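What follows is a short report on a single structure.
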Amino acid sequence: MGKHLLHGMTYEEADDYFSKSDLVLLPIGSVEQHGPANPLGTDMLIAQSLAEEAAARSGVISLPVIPFGVSFHHMHFPGTVTVSERALEEYVLDVLRSLTKWGVKKVLIVNGHGGNLPALQIVSRRAREELGVRVHIYQWWTSSSKILEEMFKPDERGHAAAAETSLDMHIHPEFVNRERLVDEKPRGSFERDVFLFTYTHEMSDSGVFGVQTTASPERGAELFTKLVEDLLRVIEEVKAEK
Ligand SMILES: [Zn+2]
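Here is the structure:
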């Protein structure tokens, strides 16, 4: 198998890849609180791991992960880093602009953080309008909702809850403080008639939304395997697009 990470290739190897393929994977994450048990890098680490595994198995290369995302709502928790929607939008567009020089026409973003979505949707529009590049956005918790629904109860699927924590335990067990796992029912409701920007600490003291203590590395391994299969299916669909 050839190299599957752009940052691990030489320019000659990259030239060879881009002479045969116009598609790349781009993982994007966040550095933000995920409760007292999980690492701040949860979202970037999950996005990176999914993209790299799918790259190794599909032959489509992965770019290095963009670690920082839009995380204003978590800024009351130490260590969280946020960039603005506009900064993320322009940064990703600059990356795409560079890639067009090497013939890239399709990009599959593996997004690890929901807060990035509004900015990435604008990227998808602008990339088509300004660069002629088709940007698809894959999110493991929505694209794979059937998988999640089958494996995890609703209160295990919230921010930093059992699904995400299980993935952390599988991918980077050394980063998880298992003795600090907590369950917390969020205050207030997402189901309102009006939208209001809300900070995490207004709804959860620990930063966890839902049940986390049922997480396990075994559940994480099973979920990871199914998500990679799902992502491989999406890659084939994007590949087949004209
Ligand atoms: Zn997360």
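Throughout the sequence shown, residue numbering follows the working numbering, covering 862 to 1103 in sequence. Even for Gly, the Cβ is constructed at its ideal location relative to N, Cα and C. The structure displayed is predicted, hence computed values, not measured ones.
- Here HIS935 is buried. Its C-beta has 16 or more other C-beta atoms within 10 Å.
- Within the segment 921 to 982, the beta strand (DSSP E) runs of at least 3 residues that lie entirely inside it are, in chain order, 967 to 972.
- A residue is called buried when at least 16 other Cβ atoms come within 10 angstroms of its Cβ; ARG947 does not meet this threshold and is exposed.
- DSSP, reduced to helix, strand and coil, places GLU893 outside both helices and strands of the structure shown, so it counts as coil.
- Relative to ligand 1, THR903 has its C-beta within less than 6 Å of a heavy atom.
- Under the DSSP assignment, VAL1089 falls in the alpha helix (DSSP H) whose first and last residues are 1078 to 1101.
- LEU867 carries a helical assignment under DSSP once its states are collapsed to helix, strand and coil.
- With a threshold of 6 Å, the Cβ atom of GLU1025 counts as near ligand 1, since some heavy atom of the ligand is closer than that.
- Distance between THR961 and LYS967, taken at the CA atoms: about 9 Å.
- ARG918: member of the alpha helix (DSSP H) spanning 903 to 919, first to last residue.
- For the pair of segments examined, the segment 913 to 921 was found not to touch the segment 1041 to 1051: the number of CB pairs separated by less than 8 Å stays below three.
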